[in-house]
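**Q**
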Amino acid sequence: DTLKFKINDLIMYGTMGVCKIIDIEKETGNNLREYYVLSPVYSKNIVVKIPVDNEKIAMRKIHTKDEVASLISDMNNEIPILVEDEKLRLQQFKSMIRTAKCEDLITIIRSIYLDKKQRKLQGKKLYKGDEEIMHTAEKLLNEEFAIILNICPEEVKSYIKSHVQH
Numbered sequence: 001d002t003l004k005f006k007i008n009d010l011i012m013y014g015t016m017g018v019c020k021i022i023d024i025e026k027e028t029g030n031n032l033r034e035y036y037v038l039s040p041v042y043s044k045n046i047v048v049k050i051p052v053d054n055e056k057i058a059m060r061k062i063h064t065k066d067e068v069a070s071l072i073s074d075m076n077n078e079i080p081i082l083v084e085d086e087k088l089r090l091q092q093f094k095s096m097i098r099t100a101k102c103e104d105l106i107t108i109i110r111s112i113y114l115d116k117k118q119r120k121l122q123g124k125k126l127y128k129g130d131e132e133i134m135h136t137a138e139k140l141l142n143e144e145f146a147i148i149l150n151i152c153p154e155e156v157k158s159y160i161k162s163h164v165q166h
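With the numbering used here, letter number 102 in the sequence shown gets 102, and the count goes up by one each step, no holes.
1. If you draw a straight line from the alpha carbon of T107 to that of I148, how long is it in whole angstroms?
2. Classify C152 as buried or exposed, calling it buried when 16 or more other Cβ atoms lie within 10 Å of its own Cβ.
3. If you draw a straight line from the alpha carbon of D104 to that of Q91, how long is it in whole angstroms?
4. Could you pull out every unbroken alpha helix (DSSP H) segment of at least 4 residues lying fully inside the segment 50-123, listed in chain order?
5. May I ask you to list the residues that DSSP assigns as paired with S162?
6. In three-state terms, what does DSSP make of K125?
7. Just tell me which of Y113, Y42, V68 has its CA closest to the CA of I160.
8. For D9, which of helix, strand or coil comes out of DSSP?
9. With a threshold of 7 Å on Cβ separation, who are the neighbours of R33 within its own chain once the five nearest residues in sequence on each side are excluded?
10. Looking at M16: is its Cβ nearer than 8 Å to the Cβ of V48?
11. Compute the Euclidean distance between the alpha carbons of H135 and G129, then round it to the nearest angstrom.
12. Does DSSP classify L38 as helix, strand or coil?
As structure tokens, then:
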């Protein structure tokens with residue numbers, strides 16, 4: 001049995017975010033392929049079929065409550081990425097987002113947040129690409145944490161603030 005996941009598992013699927021596996025189908029035809037049928041938790045009326053043997057897009061089980069608590073308590077220890085070259089930084093952030101790993105998302109958010117603070121002091125604006133990447137990273141992280149903590153995605157930021165050691 002090569003299935004990593006089973007029906008009703010909650011998983012992170014690339015930039016789509018938290019999805020529930022609602023079915024596993026075998027497709028008939030020349031190649032008997034198996035597919036996970038995913039329903040994104042925060043996007044209603046969308047169903048996605050992904051080949052079980054798909055290696056291109058990151059799929060993983062969502063974290064446990066303990067893992068989230070540990071991620072939150074370690075947040076200030078995440079080392080920000082300071083790449084001056086806008087194109088290189090954007091490429092690096094985009095490839096990190098595709099992993100859908102919470103640690104990577106936290107690093108992105110922290111890096112851009114610190115850069116934003118620094119730029120504000122210098123009277124400069126944040127790069128447009130950074131704003132978009134940060135928005136995506138926050139969305140993915142907030143959705144996963146919200147499911148695990150049983151709160152709304154909009155409440156995650158204040159939850160984190162109240163639980164991070166300053």
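Cβ atoms here follow ideal geometry from the backbone N, Cα and C, with glycine treated the same way.
**A** So, from the listed chains and residues:
1. If you take the alpha carbons of T107 and I148, they lie about 20 Å apart.
2. Looking at its Cβ environment, which holds fewer than 16 other Cβ atoms inside 10 Å, C152 is exposed.
3. Near 13 Å, if we compare the C-alpha coordinates of Q91 and D104.
4. Fully enclosed alpha helix (DSSP H) runs of 4 or longer: 65-73, 86-99, 102-121.
5. Looking at the DSSP output, S162 bridges to nothing.
6. Taken through DSSP and simplified to helix, strand or coil, K125 comes out as coil.
7. Nearest in C-alpha terms to I160, of all of Y113, Y42, V68, is V68.
8. Under the three-state reduction of DSSP, D9 is assigned to coil, being neither helix nor strand.
9. E27, P51.
10. Taking 8 Å as the Cβ cut-off, M16 and V48 qualify as a contacting pair.
11. In a straight line, the C-alpha of H135 is about 10 Å away from that of G129.
12. In the structure shown, L38 sits in a strand (DSSP, three-state: E or B).
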